[in-house]
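Residue numbers for the sequence shown follow our numbering, so the first one is 35 and each next one is one higher. Cβ coordinates follow ideal geometry from the N, Cα and C atoms, glycine included.
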Amino acid sequence: MSFNDQNLPFAENHLEPAISEKTVEFHFGKHQKGYADKLIALTNGTPFANMDLVSIIKETVDNPAQTAIFNNAAQLWNHILYWDSVHAYREENPIPAGAFADAVKATFGNEDNLKAELLDAAVNLFGSGWVWLAADNKTKELKIIKTQNAANPITMDMEPLLTIDVWEHAYYLDYQNRRPDYAQTLIDKLANWHFAASNFTAA
Ligand SMILES: [Fe+2]
């Protein structure tokens with residue numbers, strides 16, 4: 035496989051006005067591609083070159099000798115999930131009824147509480163990282179997880195359902211340092227709850 039064969043699931047202007055074409059162009063075309071290019075360079079001629087991203091991530095996590103491979107593989111995988119976690123701007127963007135909505139109600143009380151907790155996690159994550167809505171692989175219980183840098187829940191026996199990139203490169207061109215505004219807009223208008231629901235059903 036090639037680590038550089040990803041495509042955006044939509045056009046670069048698809049998230050406007052919430053996230054500009056320029057941001058998506060840089061985010062996908064420079065940052066994500068950069069992780070892919072580095073991963074190719076780092077794994078060239080090694081057994082990792084023919085492994086899928088999830089296997090590489092699980093194999094290299096917490097191994098100081100393989101931190102660079104882990105970081106680039108995880109960042110690449112995280113970004114693929116990120117683009118699937120958002121859809122075009124919707125003024126009304128409720129969670130669809132079903133098993134996922136029931137789980138949200140059971141864990142958070144209601145949809146607004148889930149969104150408030152996601153926002154709180156995004157605002158309070160120190161430095162660069164990711165906010166995740168994930169399901170425990172054994173109990174299916176929903177959890178909100180903050181991870182720093184490239185870390186992600188697949189090494190924590192959790193199934194990620196939806197993610198928010200809170201690295202500055204995800205929002206700085208549009209929101210400068212106003213991470214809360216970016217996160218609030220994403221959660222309210224762009225979050226792809228159908229994607230989260232289908233991941234929950236498959237988990
Ligand atoms: Fe990013």
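Quiz item: Considering Q182, what are the terminal residues of the alpha helix (DSSP H) in which it resides?
Solution: Not the alpha helix (DSSP H): Q182 falls in the beta strand (DSSP E), residues 176 to 182.
Quiz item: Would D96 pass as a contact of T189 if the rule is Cβ separation under 9 angstroms?
Solution: Yes, these two residues count as a Cβ contact at 9 angstroms.
Quiz item: Going by other Cβ atoms of all chains shown within 10 Å of its Cβ, with 16 needed for buried, is F160 buried or exposed?
Solution: exposed
Quiz item: In the segment 49 to 114, which residue ranges form an unbroken beta strand (DSSP E) of at least 3 residues, counting only runs that do not cross its ends?
Solution: none
Quiz item: Thinking just about the alpha-carbon of each residue, which of A156, P128, V157 is nearest to the one in D146?
Solution: P128
Self-check item: Bridge partner(s) assigned by DSSP for W166
Solution: Partner residues in the beta bridge of W166, as assigned by DSSP, are I179, T197.
Practice problem: Excluding the 5 residues preceding and the 5 following F104 in the sequence, name in chain order all residues of the same chain whose CB lies nearer than 6 angstroms to its CB. | Solution: T94, V95
Exercise. Apply the 10 Å Cβ neighbour rule to S61 and answer buried if 16 or more other Cβ atoms are within range, or exposed otherwise.
Key: Sequence check: residue 61 is His here, not Ser. With 16 or more Cβ atoms within 10 Å of its Cβ, H61 is classed as buried.
Exercise. In angstroms with no decimal places, state the Cα-to-Cα distance between N186 and N112.
Key: 7 angstroms
Quiz item: Would you say the beta carbon of D199 comes nearer than 8 angstroms to a heavy atom of ligand 1?
Solution: The answer is yes for D199.
Exercise. Would you kindly work out how many angstroms separate the C-alpha atoms of L115 and D71, rounded to a whole number?
Key: 18 angstroms
Quiz item: Which residues bound the alpha helix (DSSP H) around D136?
Solution: 133 to 142
Self-check item: A156 in three-state terms, based on DSSP
Solution: helix
Quiz prompt | Exposed unless 16 or more other CB atoms sit within 10 angstroms - verdict on P194 | solution = buried
Exercise. Check A29 in the structure and name its three-state DSSP category.
Key: Beyond the ends of the chain as shown, which are 35 and 237, falls residue 29; an answer cannot be given.
Self-check item: Sufficient close CB pairs (3 or more, under 8 angstroms) joining the segment 154 to 172 to the segment 201 to 213
Solution: yes
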